[in-house]
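Working notes, structure below.
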Amino acid sequence: MQVNNSAAGESVDLQVLGLHCAEEVGALRRALDRQTGVSDVHIDQVRSRVSFRLAAPATLPLVSAAVTRAGLRLVQPDEAVPELAVEPRVWWSGILSASCLAVAVVAQFIESGGAWLSLVADVEADGPAWVSTAAYAAAALAASVIILPKAVTSARAGRLDMHVLVVIAIVGAAWLGEVSEAATVASLFAGSQLLEAWSAARARRSVGALMQGTAGHACCCVDGHEHDVAVHSIEPGMVLRVKPGERIPVDADVVSGSSSVDESAMTGEPTHVLKRVGDLVTAGSVNGSGALEIRARGRADESGLARMLTAVEHARQGRTEAERWVERFAGVYTPVVVVLALAVCLVPPLLGFGAWDEWFRRGLVVTLVACPCALVISTPVTIVAAISAAARHGVLVKGGEHLERCATLRAVAFDKTGVATTGRPKIVSLRLLGARTEREVLDHIVALETRSEHPLAHALVTFAASRGAAEGAAHVHDVQAVPGRGLVGEAWGHEFWIGSARFLGEHARVSGEAAAEIARLHAEGLTVVACGSGAELWAVLGAHDTTRADAITAAQLLRARGVRQLVILSGDHAEAVQATARAMHVTEVRGECTPADKAAAIAELGTHGPVAMVGDGINDVPALVAATLGVAVGPRATDAALDAADVVLVHDDLRHLPWLVGHARRTLRVVQQNLWFAVGIKVAFLVAAALGEATLWMAVLADTGATLAVTMNGLRLLRVQAPPMPHHHHHHAGEGGHSHQAAHSH
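Printed below as a string of structure tokens:
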């Protein structure tokens, strides 16, 4: 990667060595914030990476030097990126220190004549204690390799982090003549650093497995010849050849061959799916034993996997309200406890309550309790694990704050077209209402609707073609979409429009015959589509769609999770939505909604509590933005909807939404467990230290144990049960409802 210092700045993304805990994240952020020309800093603790924008006068060498002074190291662009594992220095220091401590304990036991009490209290040795003393000294020396450098760096920066506090405790214990306790504190802390690094590496491997689903190159077929091309240069329509065992580089359609494909990169399930000609294969999937030729649907950065990776990256850059609260709390907690430690050291002996050395020892213990490591790490590791697990299962959450909101939902609003219904409507009725022939009406419909990708447009074109209509796109000019209404354009020299019943009212006078026909279609639960030219109404058509089976199940599961208010928003007449509403057992329907009406409805629902909007089209964007939680559904969702949404359901299965609600609530429970546990441990040891019932090594062990406990508790979310797998939606006879209000807005 080349970095130039243009005025606009160049984006830099590098791995960081030594980034294990929240304190080091803070040190890295401060080092970068002090550099003029460095902006837009995002730190990914879980994957040990940092990204920032670099502009003059800053240069990469200057920034790297500043990070090195902070006790960390940036892996340079031309360096081989080391495997995401525990650093050898940390590993050997922790193991060697623990080994020396074990030798010292055994030697002390032997030197005291086999007195078990010698392991926890001062017992006079039968002979010289030089072996245990030397072993204790070796344990402390081995631990200092990873403690002292960071302590010196923090002290120079004026920070009282855990490394400085541990050094103070070690020196204090040695000054009191407690060599064994000083060495035990040093060794236990080195061991905690090793375990913390190991748990961070484990989290990186778990999350990093998601990032390994991308191919670097692909085999492109042109005129029967194969060419090796970079994945980022693949264009829509390219034919690619995927050999057995290779990763599929982009979302594509199979044009030749058949093979069993492993789609676990997207579904999270280690199942293989047989793919034949015409089937969709997704980027990141691994081809089985057969060779495939595929036609790219889009570029690599437009694939479902690319969106997944982007969503997870964005999620790790954000901070939840719980994280911000913990950071504010930790900023007050540490200095308060340090002052309390000084008070414990000085006040009681000055008032004549006990000896100086006893209260000094208690103050050292209180000092170790001042580190908020477990408290600070408790939330981010849980949120990242939860979002990564959801992403592996095809539910993309763009930030921890969105996961928090999902857990508190009180209402959910569904768009109808393609969300509550299958999005595969059929035209079942045509009534001519003017002097135009059926062929003339259908030719005009085909001419405009071929410009739209909406499902209803496809249904209209299919219906017209079945009646013998010809392709007429060459006779159409200046086609424009009217969001929430329909299409208008110039066809064969005159203006032609097609859209919803409301669109009809804006263009032509509705005669009694037309009003009766529209009322009949509404009564039958059909969607009305009208067309005409100028003020003349040519025809009225009726479209029939079916309710999605997964929408019915999703509504039931959402109610079971306490989401009581379910609403269907549609541009169609309310009567045409009732069949879908009845199937989903939804009592609240709002019809004839424009995009602005949908946003207003969401705002009204939001006054009673957090509300989610579930949509897939451009016309849903205002409502997605207005909602507490915007949810885009499936691969058919428009780019605008995907960008506006906070959550993306990749597999087009609405049952994933109630799963996400449960997953979010489970995540918040784990966050609360971690916070209460971390705070409880600190309070307990503050009390024990003040009463003289806690030792230095016990304080270190408690802090280490708490940090590891909350980390492992948070990582449990990586193993959550997968949401329901996608399935084919069933059709329900007699259910109507497809709004043309979203048509033509793609």
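No gaps in the numbering here: position 687 of the sequence shown is 687 in our numbering, and each next residue is one more. C-beta: ideal position from N, C-alpha, C; glycine also.
Residue i versus residue j: straight-line alpha-carbon distance, rounded
i: D620; j: K598; result: 7 Å
i: A65; j: A722; result: 44 Å
i: R362; j: G172; result: 11 Å
i: V687; j: A343; result: 14 Å
i: L19; j: P483; result: 49 Å
i: A637; j: V397; result: 16 Å
i: A560; j: A626; result: 25 Å
i: P451; j: R485; result: A quick correction: the sequence has Arg, not Pro, at residue 451. Approximately 15 Å between the Cα atoms of the pair.
i: V273; j: S260; result: 5 Å
i: I234; j: C219; result: 10 Å
i: T695; j: A174; result: 14 Å
i: V366; j: A58; result: 42 Å
i: S61; j: H163; result: Inspection of the sequence shows that residue 61 is occupied by Pro rather than by Ser. The alpha-carbon atoms of P61 and H163 are separated by roughly 27 Å.
i: L557; j: Q565; result: 13 Å
i: M613; j: V339; result: 50 Å
i: S570; j: T417; result: 8 Å
i: I168; j: A355; result: 20 Å
i: G752; j: R405; result: Residue 752 falls outside the range modelled here, since the chain spans only 1 to 746, and no answer is possible.
i: Q317; j: V446; result: Legend: pLDDT at Q317 = 49, less than 50; position of this residue unreliable, value from coordinates given subsequently. Rounded to the nearest angstrom, the two C-alpha atoms are 47 Å apart.
i: A135; j: R69; result: 32 Å
i: P244; j: R392; result: 23 Å
i: F353; j: W359; result: 9 Å
i: V50; j: I383; result: 18 Å
i: A413; j: L456; result: 21 Å
i: F496; j: G525; result: 26 Å
i: G489; j: A539; result: 17 Å
i: L442; j: V419; result: 28 Å
i: P658; j: H573; result: 28 Å
i: G609; j: T408; result: 8 Å
i: A56; j: T421; result: 54 Å
i: A107; j: I146; result: 25 Å
i: L462; j: R436; result: Note that residue 462 is Thr in the sequence shown, not Leu. Going by the C-alpha atoms only, they are around 20 Å apart.
i: V166; j: L403; result: 36 Å
i: Q76; j: V152; result: 24 Å
i: S48; j: E24; result: 11 Å
Those residues which DSSP pairs with residue i across a bridge
i: D415; result: L569
i: G486; result: V482, G499
i: Q15; result: R49
i: R431; result: V540
i: N713; result: None; N713 has no bridge partner.
i: C220; result: H227, L240
i: V273; result: V261
i: C531; result: I498, A539
i: L292; result: V242
i: T421; result: T547
i: I43; result: V50
Classification of residue i by the beta-carbon crowding that lies within 10 angstroms, buried from 16 upward
i: H656; result: buried
i: E604; result: exposed
i: V648; result: buried
i: D44; result: buried
i: H544; result: buried
i: K682; result: buried
i: S118; result: Annotation note: pLDDT 46 at S118 (below 50); position unreliable, no value reported.
i: E226; result: exposed
i: L32; result: buried
i: R719; result: exposed
i: S132; result: buried
i: G213; result: For G213, the predicted model reports a pLDDT of 45, less than 50, meaning its position is unreliable; a value from the coordinates is still stated below. G213 comes out buried.
i: G284; result: buried
i: T587; result: exposed
Inter-residue CB distance, residue i and residue j (contact presumed, cutoff 8 Å)
i: A252; j: L240; result: 7 Å
i: G468; j: R424; result: Wrong, their Cβ atoms sit about 23 Å apart, outside the cutoff.
i: F677; j: V710; result: 6 Å
i: G237; j: R295; result: 6 Å
i: V369; j: A689; result: 6 Å
i: A98; j: G191; result: 6 Å
i: L72; j: L14; result: Not a contact, Cβ separation roughly 11 Å.
i: C593; j: A583; result: 20 Å between Cβ atoms; not a contact.
i: A644; j: G630; result: 6 Å
i: F52; j: V12; result: 6 Å
i: G788; j: D616; result: Absent from the structure is residue 788, since the part of the chain shown begins at 1 and ends at 746.
**Message:** Could you tell me which whole beta strand (DSSP E) segments of length 3 or greater appear in the stretch 595-673?
**Reply:** 611-615, 629-633, 647-649
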